[in-house]
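Residue numbers for the sequence shown follow our numbering, beginning at 354 and rising by one. A quick write-up on the structure given underneath.
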Amino acid sequence: MKKSAVTMVSLLTVGAVLAGCSKEAAPSASSPTPAAPAASTAPASTPAPEQAKPFTVKLRHIMVKETQMKELDRMKGTKQRLEESIPGLTLELEGLEEQVHRWQKLRAEMSAGNPPTIFNLFGGTDIKDFAKTGNLLDITPIIDELGIKDQFWNLSEFTVDGKVYGLPLAGFVEGVFYNKKLFADNGVEIPKDLAGLEKAAETFNSKGITPFALGGKDAWVIGMPLNTTWVRMAGTTITKDIQDGKAKWTDPGVVAGFEKFQDFVKKGYFSKNALGLGYAQGQNEFQTGKAAMIFDGAWAAGAFTDPERTPVAADVGFFGFPGIGGPGDNAVNSSFSNGYGFSAKANEQELKVIKAFIKDVYSKEMQTAQNKEDSWLPSMKFEIDGAKPIMKEIMESTSGKDLFPAFDSEVPGKVNNAIQSAAQELLGNKGSAADILKKLQTVQDEANAEAAAKAKK
Numbered sequence: 354m355k356k357s358a359v360t361m362v363s364l365l366t367v368g369a370v371l372a373g374c375s376k377e378a379a380p381s382a383s384s385p386t387p388a389a390p391a392a393s394t395a396p397a398s399t400p401a402p403e404q405a406k407p408f409t410v411k412l413r414h415i416m417v418k419e420t421q422m423k424e425l426d427r428m429k430g431t432k433q434r435l436e437e438s439i440p441g442l443t444l445e446l447e448g449l450e451e452q453v454h455r456w457q458k459l460r461a462e463m464s465a466g467n468p469p470t471i472f473n474l475f476g477g478t479d480i481k482d483f484a485k486t487g488n489l490l491d492i493t494p495i496i497d498e499l500g501i502k503d504q505f506w507n508l509s510e511f512t513v514d515g516k517v518y519g520l521p522l523a524g525f526v527e528g529v530f531y532n533k534k535l536f537a538d539n540g541v542e543i544p545k546d547l548a549g550l551e552k553a554a555e556t557f558n559s560k561g562i563t564p565f566a567l568g569g570k571d572a573w574v575i576g577m578p579l580n581t582t583w584v585r586m587a588g589t590t591i592t593k594d595i596q597d598g599k600a601k602w603t604d605p606g607v608v609a610g611f612e613k614f615q616d617f618v619k620k621g622y623f624s625k626n627a628l629g630l631g632y633a634q635g636q637n638e639f640q641t642g643k644a645a646m647i648f649d650g651a652w653a654a655g656a657f658t659d660p661e662r663t664p665v666a667a668d669v670g671f672f673g674f675p676g677i678g679g680p681g682d683n684a685v686n687s688s689f690s691n692g693y694g695f696s697a698k699a700n701e702q703e704l705k706v707i708k709a710f711i712k713d714v715y716s717k718e719m720q721t722a723q724n725k726e727d728s729w730l731p732s733m734k735f736e737i738d739g740a741k742p743i744m745k746e747i748m749e750s751t752s753g754k755d756l757f758p759a760f761d762s763e764v765p766g767k768v769n770n771a772i773q774s775a776a777q778e779l780l781g782n783k784g785s786a787a788d789i790l791k792k793l794q795t796v797q798d799e800a801n802a803e804a805a806a807k808a809k810k
């Protein structure tokens with residue numbers, strides 16, 4: 354089913370009020386009683402209040418990049434507020450690189466039944482997999498109690514069989530950040546179609562300017578533009594259709610999308626030695642003005658428009674990737690798919706911390722701070738004042754468009770790994786798109802067979 358862009362366009366214009374919960378005031382100290390004359394016995398002394406027993410709750414996050422330090426500072430603020438309000442609590446923050454946490458550590462913990470109490474969580478496939486283990490907490494009663502369930506724009510990627518298992522921190526849109534000064538200085542206009550995009554790339558190449566910065570050492574980064582080209586050529590439901598057995602990776606539309614991406618590679622539109630550059634290094638090429646464009650998610654807007662992080666901050670704009678001649682040309686990769694989940698093994702004391710965490714992080718104050726400091730799209734229906742101008746450009750890129758989720762929220766881990774390998778093969782020009790996709794389909798068939806075997810047990 355196609356998703357409407359109405360909610361994404363409305364993010365910064367629709368306001369809502371979250372009912373605040375007043376804190377119970379601490380009882381005031383009793384006034385000293387005047388001494389009684391010649392009392393025969395001394396009054397019994399009031400026993401000292403019992404000290405709270407110390408306990409530790411682990412929170413696993415993925416804020417380990419330099420560009421995520423403001424986000425980490427916000428989480429440290431949450432840690433401080435929770436520790437001050439919950440006697441005895443130590444909230445232990447553990448940071449892990451995103452891919453290691455998501456695809457290795459957390460999956461092993463879920464299988465073993467010992468995930469952290471609070472952890473970063475992706476929606477879609479991850480939620481479905483973890484809910485089956487019985488180790489992912491159903492937080493529906495908590496968000497109902499707090500009165501915030503209806504405050505979220507979309508919880509579909511965190512919901513299984515009507516139960517909510519996590520909450521998104523923000524929404525995202527993927528597209529093209531560009532350097533307005535480099536465009537103007539070289540007479541390049543925002544491309545409206547494939548011909549315009551290729552003309553822009555050729556112009557920058559001729560001037561010794563990298564058309565698109567890309568850090569392909571981190572394979573998921575290649576997956577962003579590649580996901581867009583295969584959806585553009587095969588349609589918005591193609592990835593789900595493949596999972597449902599209604600289509601194959603070797604279908605003509607998918608092959609055409611992979612071939613179009615590979616054509617960009619052959620024409621030299623991406624960073625030199627892109628396979629040797631990490632995500633942050635690719636971003637740095639754009640932030641230092643060495644590249645005219647970069648395909649990235651809206652989460653990067655803060656880093657690209659912060660004058661403390663980049664000298665080109667004032668020149669950065671955003672546009673949607675232009676159509677390339679397929680049935681999915683009217684589609685934009687946009688969703689609400691990353692946030693936090695919680696352990697179903699949490700005891701009563703830990704559940705109190707989980708509830709306090711949700712109340713603190715999913716608030717108007719935090720949603721506003723996320724937007725102002727990192728230009729994140731709010732996941733909740735709060736009116737955000739003072740958003741940066743680039744947010745308007747990002748939201749305009751979704752106007753009238755169909756939305757589709759990132760592929761990694763729709764495919765099993767085995768297939769995701771194969772897609773990332775395929776992406777690096779394409780970027781390294783290590784074979785034809787058709788041959789690479791045949792190997793990918795083989796992995797898909799294996800994953801389908803494994804899923805069918807599990808379903809029979």
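Note that beta-carbon positions come from the ideal geometry of N, C-alpha and C, so glycine has one too.
Contacting residues, own chain, Cβ-Cβ under 6 Å from residue i (five flanking each side not counted)
i	result
Glu527	Met577, Gly650 and Asn686
Lys376	Low local confidence applies: a pLDDT of 33 at Lys376 is under 50, so the model's placement there is unreliable, with the coordinate-based value given in what follows. Excluding residues within five positions, none has a Cβ falling inside 6 Å.
Ala609	Met586
Asp761	Asn769
Ala553	Val541 and Pro544
Beta-carbon proximity check, residue i vs residue j, cutoff 7 Å
i	j	result
Ala684	Val584	yes
Gly466	Phe511	no
Pro675	Leu550	yes
Met646	Val513	no
Ala666	Asp659	yes
Tyr622	Phe657	no
Asn782	Asp668	no
Ala759	Leu579	no
Tyr518	Leu499	no
Phe648	Ile543	no
Glu763	Thr592	yes
Leu628	Gly679	no
Cut-off 7 Å between Cβ atoms - residues of its own chain near residue i, not counting five sequence neighbours on either side
i	result
Glu778	Gly784 and Ile789
Val768	Val796, Gln797 and Ala800
Lys458	Leu449
Thr582	Gly610, Lys613, Phe614 and Ile677
Gly631	Gly568, Lys570 and Asp571
Between the CA atoms of residue j and residue i - distance to the nearest angstrom
i	j	result
Asp798	Asp597	11 Å
Ala699	Asp497	19 Å
Asp571	Gly670	24 Å
Phe557	Gln723	34 Å
His414	Val714	13 Å
Trp602	Met748	31 Å
Gly588	Ala771	21 Å
Ala709	Ser750	36 Å
Ala523	Lys502	15 Å
Asn691	Leu508	11 Å
Thr420	Ala806	43 Å
Arg455	Asp479	9 Å
Val417	Ser728	18 Å
Ile707	Glu447	16 Å
Asp482	Gln720	28 Å
Leu425	Leu704	23 Å
Lys745	Leu780	32 Å
Lys411	Glu445	5 Å
Asp538	Ile562	12 Å
Lys810	Glu661	56 Å
Glu555	Phe689	35 Å
Lys791	Phe611	12 Å
Leu567	Asp616	15 Å
Pro521	Lys725	18 Å
Glu701	Gln504	26 Å
Val607	Ala804	23 Å
Local Cβ density within 10 Å of residue i, reported as buried at 16 or more and exposed below that
i	result
Pro440	exposed
Lys613	buried
Lys485	exposed
Asp546	exposed
Ala644	buried
Gly515	exposed
Glu321	Nothing can be reported for residue 321: it is not among the residues displayed for the chain, which extend from 354 to 810.
Asn626	exposed
Gln433	exposed
Ser464	exposed
Gly739	exposed
Lys559	The identity of residue 559 in the sequence shown is Ser, whereas the question assumes Lys. Exposed, because fewer than 16 other Cβ atoms sit within 10 Å of the Cβ of Ser559.
Other residues of its chain near residue i: CB distance less than 8 Å, five sequence neighbours each side excluded
i	result
Gln452	Asp571 and Trp573
CB contact below 7 Å: residue i versus chain D
i	result
Val764	Looking for chain D here will not work: only one protein chain is present.
Can we say the segment 627-641 touches the segment 486-499, given the rule of at least three CB pairs closer than 8 Å?
no
The segment 687-706 touching the segment 456-475, judged by at least three CB pairs closer than 8 Å:
yes
Does the segment 429-444 touch the segment 404-412, meaning 3 or more C-beta pairs lie closer than 8 Å?
yes
Segment contact, 8 Å Cβ cut-off, at least three pairs: the segment 730-747 with the segment 421-432:
no
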